[in-house]
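No gaps in the numbering here: position 357 of the sequence shown is 357 in our numbering, and each next residue is one more.
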Amino acid sequence: MSTKTPSKADILRPIGTFSKKYLAVYSVAALGLIAFLIAWAYQLEKGLIVTGLGDWGTGGGATWGLYIGAFIWWVGVAHGGIILSASVRLLGMDRYMPVARIAEMTTIGGLSAAGFYILVHMGRPDRMVTSVLGHFHITVNNSPLVWDVTVITAYFVLSATYLGLTIRYDVNRLRDDLPDKFEPIYKIITFGYSEKEDEIIQRMVWWLAAAVIIMAPLLLHGGVIPWLFSLLPAMPAWTGGIQGPMFLSIALMSAISGVMIISYTFRRVYNWEHIITDDIFRGLLLWLGFFTLLFLWFQLQSVLNGAFLGPLNTQHAAEGKMAHPAYQVAMTMIFLTLVYIFLQAIRPALFSKTRALIASCAILAGTLTEKILFVVEGFFPPTFDIYTATPGTYFPSLIEILSLVGTVSLVALLFLNLAKLVPVVELHAIEHLTGDHGHEHDHEETTKTETEPEVKA
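Below, the structure written as structure tokens:
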């Protein structure tokens, strides 16, 4: 365990350094995004027929596939990220303060990727204007899909405000150490700033965190998103009240896993062992184990209620789900990860950052697979035989797979750019770790000196 004392210089290191490795990673991420943009351009020219999506029915295919499955997954990563950050502030979990901003940035990246999928899956992006925005006053009353777009947009604004308020403090305190080339951006971030607002901002951030915690189960990944599926009684693989808790548990699992991977990367590259400590990884692993246990319990409830004396359609849907190799692989990965998490809690010698990284990757792969399969299997009602003789089935096309590469690259580019602009670890986290709150006392002393009359000897 490192004995170094965290400092401002540590959190400024990503901004002040530029290496060949950074350039190489940036280039790979840019190429991944460009590859998908080229594939998307081809899709715009030829239509959605170039994907693996096809006719709806038991034998024909599915009109929703990887695009919608990945959309749900990215929204879950985003919602879970802001919930994690909000919990740190609202519940006083200062132990995780060094990764709070990483979680907030993960939210912005996840929502950006999810919004991208909406445009891609619409076939023609102009439909967002002509069908959604142009008739919003009508569609918002009767279209769950428009509810979805509305909630995600509102959440993006809420999350960006949440992140921006905390960045103002850091930029103002660290301005002399930040690069001059970004001066116009810093002026916008700190427009109208004064130290007198710090206490007000802290209260605002607290109330925003409270709003996030309240909205998560009611409107976000525990509400509107699962309602798109669970309120459709004609779809036996989707319907049911269990979907809300299931979606929320997946969101938290995916977000914690993503934050651990990103935190591990920053720690390794910038030697932040004394900032993002092993203790943080151990704690996040335990939280990951808790939400993974909940998720597996919800899965058990879902398949058991379907397979054991359920309605005929629900029974066949549950049996088909359990028999699918992709579902079996996903659940096996998630279960084995849970076993490891609890074993390392019992026997700490089993913990290592590399194993924690592997566990996080396994959870992300498992939850993504489960969400894609969930979406696709919903279009295969077991007693709906109109398409039985239609040849073919759904499998993601190269373009759809490239969309995953592109959105992951998009999120990576977001972090690579933000890391050169603002600290990815809050100054408050450093102050908490070092117990240095001297700026507040300095400000108080300055004010006192200015207001008290001079006493002459």
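Ideal placement from N, C-alpha and C gives every residue a C-beta, glycine not left out.
Query, Result
"Where are the beta strand (DSSP E) runs, 3 residues long or more, that stay fully inside the region 114–150, in chain order?", "none"
"At which residues does the alpha helix (DSSP H) containing P311 begin and terminate?", "P311 -> no alpha helix (DSSP H), and no H or E assigned at all."
"Can you give the Cα-Cα distance for A317 and L364, rounded to whole angstroms?", "24 Å"
"Have a look at R173 and V157 and give me their C-alpha separation to the nearest angstrom.", "25 Å"
"Do you know whose CA, among G52, A160, I138 and F374, lies nearest P226's CA?", "F374"
"To the nearest angstrom, report how far apart A154 and W74 are at their CA atoms.", "16 Å"
"With a threshold of 8 Å, are at least 3 pairs of Cβ atoms found where one atom belongs to the region 37–56 and the other to the region 428–436?", "no"
"If I'm right that A62 touches F379 with Cβ under 8 Å, what's the distance once you round it to whole angstroms?", "4 Å"
"Could you give the distance in angstroms between the alpha-carbon of M333 and the alpha-carbon of R95?", "29 Å"
"What does the Cβ neighbour count give for E104, buried or exposed, with the cut at 16 atoms within 10 Å?", "buried"
"Near P236, which residues of its chain fall below 6 Å by C-beta distance, leaving aside the five closest residues on each side in sequence?", "N313, T314 and A317"
"Quick one: measure Cβ to Cβ for Q299 and M331, integer angstroms, because I've assumed they're closer than 8 Å.", "7 Å"
"Suppose the cutoff is 7 Å on Cβ atoms and the five residues either side in sequence are ignored; what does the same chain contact list for E440 look like?", "Interpretation of E440 is limited by its pLDDT of 44, a score under 50 that renders its predicted location unreliable; no figure is taken from the coordinates."
"Taking only three categories from DSSP, how would you classify T277?", "coil"
"Look at the Cβ atom of F281, then the Cβ atom of A234, and state whether they are nearer than 8 Å.", "no"
"For G81, count neighbouring Cβ atoms within 10 angstroms of its own Cβ and tell me buried if that reaches 16, exposed if not.", "buried"
"Sorted by chain position, which residues of the same chain lie with C-beta nearer than 7 Å to W287's C-beta, five sequence neighbours on each side aside?", "I256"
"Among the candidates I152, L219 and F18, whose CA atom is the shortest distance from the CA of L248?", "L219"
"I'd like the list of long-range same chain contacts for G109, defined as Cβ closer than 6 Å, with 5 residues on each side in sequence excluded.", "V411 and L414"
"Taking DSSP as the reference, what is the three-state secondary structure of L404?", "helix"
"Give the list of continuous alpha helix (DSSP H) stretches no shorter than 4 residues that lie fully inside the region 243–293.", "243–270"
"What do you reckon, are the CB atoms on E377 and G320 nearer than 8 Å?", "yes"
"Of all the options L294, D198 and W206, which has the alpha carbon lying nearest to the alpha carbon of L90?", "W206"
"Would you kindly check if the distance between the Cβ of G366 and the Cβ of H221 is under 8 Å?", "no"
"On the three-pair Cβ rule with 8 Å, is the region 337–345 touching the region 283–297?", "yes"
"Is the region 4–18 touching the region 162–181 in the sense that three or more CB pairs, one from each, lie closer than 8 Å?", "yes"
"Would you mind stating whether I83 and L252 have Cβ atoms separated by less than 8 Å?", "yes"
"Please classify Q344 as buried or exposed, where buried requires at least 16 other C-beta atoms within 10 Å of its C-beta.", "buried"
"Give the secondary structure of G52 by DSSP, where H, G and I count as helix, E and B as strand, and everything else as coil.", "coil"
"Alpha carbons only, please: which of R13, W272, M322 and T292 is nearest the one belonging to S360?", "T292"
"Using 10 angstroms around the beta-carbon of T434, count the other beta-carbons present and answer buried if the total reaches 16, otherwise exposed.", "exposed"
"Taking the alpha carbon of G115 as the reference point, which residue from I262, Y42, L31 and L145 has its own alpha carbon closest?", "L145"
"Is the beta carbon of A30 closer than 8 Å to that of G406?", "no"
"Determine the direct distance from the alpha carbon of Q243 to that of N305, and round the result to whole angstroms.", "13 Å"
"For H121 and G52, I'd like the C-alpha separation in whole angstroms.", "12 Å"
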